[in-house]
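In the working numbering, the protein residues as written are 22 to 380.
Written out below as structure tokens is the structure these notes cover.
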Ligand code: BGC
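Given below as structure tokens:
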């Protein structure tokens with residue numbers, strides 16, 4: 022009987038120890054909030070799932086939320102919940118860079134580090150780090166492409182061109198636009214580029230929410246009001262800051278009768294599946310590839326460093342001031358993409374399968 026009792030006692034102690042250590046191990050697992058702007062654009066779905074996968078593989082719990090289709094109050098609520106549920110760090114790709122100031126005060130009070138993902142969160146001193154691509158560099162790649170494709174330095178006749186950029190509340194546009202204009206503006210100034218609509222300000226050329234439909238509508242209006250068409254007023258090129266806008270522009274140009282044989286030069290960014298198909302079909306000229314796998318990896322290593330109390334790797338301490346001071350940043354490198362290099366860039370690298378591109 023004594024033996025049995027002491028056996029039971031040992032069993033009880035052992036069981037309690039196992040359960041107790043199980044519980045304490047669970048509560049040691051850190052939780053990372055990931056807030057993405059929309060489900061409706063391919064790139065953010067990719068970014069979100071890449072990050073979830075990589076964070077989980079690194080041993081973190083992940084609370085991944087999408088703010089419907091770019092719904093600002095939803096994003097604010099989701100971030101608030103992440104703060105209230107004591108996430109250990111929060112990664113945010115903001116819809117409106119200036120809409121999170123209030124809610125992030127709570128993060129700052131609770132000492133929760135915030136990483137601004139791809140787009141800079143403005144006017145908040147709660148932002149600890151920024152991870153993105155060289156956004157000015159994206160615009161430079163687009164501008165240089167157009168300059169070289171139309172040989173702007175040596176031509177004797179002017180070219181006709183229209184301009185599109187993205188959401189006015191996305192700080193990235195300042196850089197995409199600035200980079201492209203750093204190359205193209207001198208040619209506008211000396212008359213080599215003619216913009217018939219006269220719309221050459223970033224504000225006039227912006228596209229709410231980077232919407233394909235909005236870009237299409239604006240291109241349709243430009244076609245009608247300036248008489249552009251294969252048999253009308255010449256249109257040599259359209260600058261578009263990204264692919265979702267380029268796709269709307271392509272739709273409008275195809276409607277107006279342009280084909281792959283006389284299609285105006287058209288830029289983009291992201292190498293979205295639809296745009297890669299358009300490039301192969303000759304209805305978009307180029308895009309800029311931003312390997313979101315690299316960005317996700319960078320952010321996961323930033324989080325990991327922060328959680329272990331060390332300094333994340335930074336390669337830029339001067340470019341991005343969010344209104345409260347410079348935010349230490351890591352900038353990944355954007356790369357030119359087109360129908361000429363998509364095979365090695367996108368397929369050989371495992372980013373897309375030939376199937377996804379309809380090949
Ligand atoms: C991103 C682009 C994207 C755009 C629209 C920008 O902030 O940097 O890659 O095309 O948002 O989602």
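Quick reminder that beta carbons are idealized off the backbone N, C-alpha and C, glycines included.
Taking the C-alpha atoms as reference points, what is the distance between residue i and residue j?
i	j	result
residue 340	residue 191	16 Å
residue 241	residue 274	8 Å
residue 288	residue 159	11 Å
residue 119	residue 145	8 Å
residue 221	residue 80	49 Å
residue 117	residue 238	23 Å
residue 315	residue 352	10 Å
residue 279	residue 182	15 Å
residue 295	residue 229	20 Å
residue 284	residue 252	12 Å
residue 109	residue 223	38 Å
residue 264	residue 308	7 Å
residue 71	residue 360	26 Å
residue 42	residue 328	Caution applies to residue 42, whose pLDDT of 44 falls short of 50 and renders its modelled position unreliable; the model cannot decide the point.
residue 45	residue 51	For residue 45, the predicted structure reports a pLDDT of 42, less than 50, and the residue's modelled location is therefore unreliable. A value from the coordinates is still provided. The alpha-carbon atoms of residue 45 and residue 51 are separated by roughly 12 Å.
residue 121	residue 151	15 Å
residue 216	residue 111	43 Å
residue 354	residue 149	21 Å
residue 54	residue 291	24 Å
residue 101	residue 298	39 Å
residue 39	residue 82	Confidence in residue 39 is poor, its pLDDT being 46 and thus under 50, which makes the residue's placement unreliable; the coordinate value appears in the next sentence. When rounded, the distance between both Cα atoms is 22 Å.
residue 218	residue 232	21 Å
residue 365	residue 373	11 Å
residue 209	residue 261	16 Å
residue 12	residue 196	As displayed, the chain neither begins before 22 nor continues past 380, which places residue 12 out of reach and without an answer.
residue 59	residue 175	43 Å
residue 137	residue 173	37 Å
Exposed or buried, residue i, counting other C-beta atoms within 10 Å across all chains shown (16 or more means buried)?
i	result
residue 271	buried
residue 313	buried
residue 343	buried
residue 244	buried
residue 64	buried
residue 155	buried
residue 134	buried
residue 177	exposed
residue 268	buried
residue 140	buried
residue 235	buried
residue 105	exposed
residue 131	exposed
residue 164	buried
residue 114	buried
residue 201	buried
residue 207	exposed
residue 211	exposed
residue 380	exposed
residue 371	exposed
So the alpha helix (DSSP H) residue i belongs to, where does it begin and stop?
i	result
residue 85	Note, residue 85: premise wrong, no alpha helix (DSSP H); beta strand (DSSP E) at 82 to 87.
residue 245	233 to 247
residue 266	264 to 276
residue 188	No alpha helix (DSSP H) holds residue 188; DSSP gives it neither H nor E.
residue 128	122 to 130
residue 319	313 to 328
Opposite residue i in the DSSP bridges: which residues?
i	result
residue 90	59
residue 224	Paired residue(s): none; residue 224 is not in a bridge.
residue 216	DSSP lists no partner for residue 216.
residue 180	214
residue 160	Its beta-bridge partners do not exist; DSSP assigns none.
residue 287	259
residue 52	82
residue 342	347
residue 377	Partner(s): none; residue 377 has no beta bridge.
residue 254	249
Looking at the unbroken beta strand (DSSP E) that takes in residue i, where does it start and where does it end?
i	result
residue 295	No beta strand (DSSP E) contains residue 295, which is instead part of the alpha helix (DSSP H) from 294 to 302.
residue 149	148 to 154
residue 135	135 to 138
residue 111	110 to 113
residue 358	356 to 359
residue 309	307 to 310
residue 352	350 to 353
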